[in-house]
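Asker: Let me begin by handing over the structure; questions about it come next.
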Amino acid sequence: MLNNQKAGQGHFQILLLVVAVSLIFKLALLCSWKDLPLLGDAQLYWLRSLDTLRHYFSQLDRQAPLYPIFIALNRLVFSEHALLGIKIEQLLLQSLEAILVYALAAKFFQKRTALLSGLIASLYPELVSISYLLFSETLFLFFFLTGTLLYFSATRSQKPANLPLLAGSGLMLGLASLVRGGTFYLLFIFIFHFFCFGRGNWKNKMLGSVVFLVFLAGPVSVQSLKNYRVAGCFILIDTSPFRTLYLHHNTTHPLNMDFRGYSSAEIVNPCAGMSDCEERDCQSETAWRFIKSHPGLTVKHSIIKTLNLYAPNLLLYKMIFNADLVKHPGLKKYQARWFRTFCSLTYLLLVLLALLGLCMSREWELKSLTLLLVLYFTAACAFFLGASRYRLPFISFLIIYAAFFLSGEWRDHARNRTSMILSGVLLWSIFLYLEFPRLLLVLK
Numbered sequence: 028m029l030n031n032q033k034a035g036q037g038h039f040q041i042l043l044l045v046v047a048v049s050l051i052f053k054l055a056l057l058c059s060w061k062d063l064p065l066l067g068d069a070q071l072y073w074l075r076s077l078d079t080l081r082h083y084f085s086q087l088d089r090q091a092p093l094y095p096i097f098i099a100l101n102r103l104v105f106s107e108h109a110l111l112g113i114k115i116e117q118l119l120l121q122s123l124e125a126i127l128v129y130a131l132a133a134k135f136f137q138k139r140t141a142l143l144s145g146l147i148a149s150l151y152p153e154l155v156s157i158s159y160l161l162f163s164e165t166l167f168l169f170f171f172l173t174g175t176l177l178y179f180s181a182t183r184s185q186k187p188a189n190l191p192l193l194a195g196s197g198l199m200l201g202l203a204s205l206v207r208g209g210t211f212y213l214l215f216i217f218i219f220h221f222f223c224f225g226r227g228n229w230k231n232k233m234l235g236s237v238v239f240l241v242f243l244a245g246p247v248s249v250q251s252l253k254n255y256r257v258a259g260c261f262i263l264i265d266t267s268p269f270r271t272l273y274l275h276h277n278t279t280h281p282l283n284m285d286f287r288g289y290s291s292a293e294i295v296n297p298c299a300g301m302s303d304c305e306e307r308d309c310q311s312e313t314a315w316r317f318i319k320s321h322p323g324l325t326v327k328h329s330i331i332k333t334l335n336l337y338a339p340n341l342l343l344y345k346m347i348f349n350a351d352l353v354k355h356p357g358l359k360k361y362q363a364r365w366f367r368t369f370c371s372l373t374y375l376l377l378v379l380l381a382l383l384g385l386c387m388s389r390e391w392e393l394k395s396l397t398l399l400l401v402l403y404f405t406a407a408c409a410f411f412l413g414a415s416r417y418r419l420p421f422i423s424f425l426i427i428y429a430a431f432f433l434s435g436e437w438r439d440h441a442r443n444r445t446s447m448i449l450s451g452v453l454l455w456s457i458f459l460y461l462e463f464p465r466l467l468l469v470l471k
């Protein structure tokens, strides 16, 4: 027992050392990437932070408000250096997320697997690169992983229903819902999972679920009440699926125009000039009417967005090399190609190793939640979102199973190793076949 404790402490110390060294390297790299332009959602976050500073309590929040509040606080403290301060804070949060991944893996697997999980999480390009950009993923992942860790601490506790841990888990996931929309509906997945794997009888599970639900819904309810005071009706922040569908099918985005075969002049806003409550109902009706009248186009669009979710591309690459920054000192075109190739192959390798780890693991508590998260975010992106950065919540779990395979711990789990390996390779081959055209575009 003492030897195991010493070994665990040694592994954690190694992780802290690697995380600290990698953080120094990331901060040094920030000197080259500190002037990345604000593109896409980053511009919206920056502009919304101005509105938050001026009149937070009098404005309607259709989207999750916590990340603009985070930006606004940095602008108050650091003024003209706010962007640099935000990126430094996000790099610190990303380092903490690697430790959270380590702690999460240590609850289910051996210490060497946990150590490898933390090391991969601290260096994985997709998780690191998003920290350099003004996107909500880093802050979201911190709350999400903290809530998940507290949740598993509760389910694996000796107490039948560890209410303080469940309350903390619900609160962290509630805050995650205020950082990025679409997270609120995860409560159904966690409650279902808790009834399947939680300790105790049905009474304890019901009590634990109620506590979890109350603390998760608390932050979102406060924001919805503020929206009611402003607009006169309850508008759940950024969780209206029909509004998102409406925006995806009624904008002048090139993908939508190509998808529908329309020109920008033919796309009109039938809900313009309405009150907030009327606009919400109009958008829902318009989106639902479009789905019923164009089912084939809706399916086609969903397939495109699903492929976008799993595409081996990197948001940082687009921001750096598609923003006319190849003239920046040290960033040449050949470096751009190698950078893009390395990140894409790293992602595909992670998927292969994670599939093998998932196939070989006989532990179902973490595996079932991982699969549910993959299905949830795939469905959400197929119908509403559709961007590669939305896969980051379950990438952290795939890292754990990739580390599980690399550490060799799977030898203690797998019953029929040959069939498990063949299953993983087959799944990865199907995935690579679907993504091969995109990969060719990336490698050009």
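Position 288, counted from 1, in the sequence shown is what the working numbering calls 315; the numbers after and before it change by one each time, with no gaps.
Think of the CB as a built atom: it goes at the ideal place given N, C-alpha and C, for glycine as much as any other residue.
Around the C-beta of Ser423, are 16 or more other C-beta atoms found within 10 angstroms, so that it is buried, or is it exposed?
Answerer: In the sequence shown, the residue the question calls residue 423 occupies position 396. Classification of Ser423: buried, given that the 10 Å Cβ count is 16 or more.
Asker: Using three-state DSSP, classify Pro420 as helix, strand or coil.
Answerer: For the purposes of this step, residue 420 is identified with residue 393 of the sequence shown, where counting begins at 1. Of the three classes helix, strand and coil, the one that applies to Pro420 here is helix, per DSSP.
Asker: Is the beta carbon of Tyr472 less than 8 Å from the beta carbon of Lys114?
Answerer: The structure shown has nothing for residue 472, since the chain only spans 28 to 471.
Asker: Going by Cα to Cα distance, which pick from Phe135, Val155, Phe97 is closest to Leu123?
Answerer: What you label residue 123 is simply residue 96 of the sequence shown in a count that begins at 1. Here the closest residue by C-alpha is Val155.
Asker: Are Ala91 and Ile427 close, meaning C-beta to C-beta below 8 Å?
Answerer: In the sequence shown, counting from the first residue as 1, residue 91 sits at position 64. In the sequence shown, counting from the first residue as 1, residue 427 sits at position 400. Contact: no.
Asker: What does a CB cutoff of less than 7 Å around Thr405 pick up in its chain, not counting 5 residues either side in sequence?
Answerer: To locate residue 405, count along the sequence shown from 1; it is residue 378. Within the same chain, Thr333, Leu336 come within 7 Å of Thr405 by CB-CB distance, once the 5 residues on both sides are set aside.
Asker: Using alpha carbons as the reference points, say which of Ser184, Arg102, Lys186, Phe221 lies closest to Gly197.
Answerer: Along the sequence shown, read from residue 1 onward, the residue named residue 197 stands at position 170. If we check each option's Cα against that of Gly197, Phe221 comes out closest.
Asker: Is the beta carbon of Phe432 closer than 8 Å to that of Leu383?
Answerer: In the sequence shown, residue 383 corresponds to position 356, counting from 1. In the sequence shown, residue 432 corresponds to position 405, counting from 1. In this structure, Leu383 places its C-beta atom within 8 Å of the C-beta atom of Phe432.
Asker: Count the other CB atoms, across all protein chains shown, that sit within 10 Å of the CB of Ala130; report buried if there are 16 or more and exposed otherwise.
Answerer: As a position in the sequence shown, residue 130 is number 103, starting the count at 1. Looking at its Cβ environment, which holds 16 or more other Cβ atoms inside 10 Å, Ala130 is buried.
Asker: Any contact between the region 198-217 and the region 238-249? By contact I mean 3 or more CB pairs, one from each, below 8 Å.
Answerer: yes
Asker: Count Cβ pairs between the region 304-317 and the region 386-402 that sit closer than 8 Å; are there 3 or more?
Answerer: no
Asker: What is the rounded straight-line gap between the Cα of Ser329 and the Cα of Met301?
Answerer: On the sequence shown, position 302 is the one that residue 329 refers to. On the sequence shown, position 274 is the one that residue 301 refers to. So the two alpha carbons sit approximately 29 Å from each other.
Asker: Compare the C-beta of Tyr374 against all C-beta atoms of chain D and say whether one is closer than 8 Å.
Answerer: Reference to chain D is not applicable here, since this structure consists of a single protein chain.
Asker: When the Cα atoms are used, what is the spatial distance from Ala109 to Tyr72?
Answerer: Counted from its first residue, the sequence shown places residue 109 at position 82. Counted from its first residue, the sequence shown places residue 72 at position 45. Each residue's alpha carbon lies about 13 Å from the other.
Asker: Just to confirm, does Leu240 get its C-beta within under 7 Å of one of the non-hydrogen atoms of the ligand MG?
Answerer: As for the ligand MG, it is missing from this structure, which has no ligand bound.
Asker: Look at His429 and Leu372 and say whether their C-beta atoms are less than 8 Å apart.
Answerer: Numbered from 1 along the sequence shown, position 402 holds the residue referred to as residue 429. Numbered from 1 along the sequence shown, position 345 holds the residue referred to as residue 372. A quick correction: the sequence has Ala, not His, at residue 429. No; because the gap between Cβ atoms is not below 8 Å, this pair is not in contact.
Asker: Along the chain, where does the alpha helix (DSSP H) that runs through Asn335 open and close?
Answerer: Position 308 of the sequence shown, counting from 1, holds the residue named residue 335. Looking at the DSSP string, the run of the alpha helix (DSSP H) that includes Asn335 is 322-337.
Asker: Does the structure place the region 140-151 close enough to the region 44-52 that three or more beta carbon pairs sit under 8 Å?
Answerer: yes
Asker: Using a 10 Å radius around the Cβ and a threshold of 16 neighbouring Cβ atoms, would you call Val326 buried or exposed?
Answerer: In the sequence shown, the residue the question calls residue 326 occupies position 299. Exposed, because fewer than 16 other Cβ atoms sit within 10 Å of the Cβ of Val326.
Asker: If we ignore side chains and look at the alpha-carbon of each, how far apart do Glu305 and Leu161 end up?
Answerer: Taking the sequence shown and counting its residues from 1, the one referred to as residue 305 is at position 278. Taking the sequence shown and counting its residues from 1, the one referred to as residue 161 is at position 134. Approximately 32 Å, taken between the alpha carbons.
Asker: Out of Thr173, Leu176, Ser415, which one is the CA nearest neighbour of Ile157?
Answerer: Numbered from 1 along the sequence shown, position 130 holds the residue referred to as residue 157. When only C-alpha atoms are compared, the closest one is Ser415.
Asker: Short of 7 Å in beta carbon distance, which residues of its chain neighbour Leu65, apart from the five on each side in sequence? Order them along the chain.
Answerer: On the sequence shown, residue 65 is found 38 positions in, with the first residue counted as 1. Closer than 7 Å at Cβ, skipping near neighbours: Trp73, Leu161.
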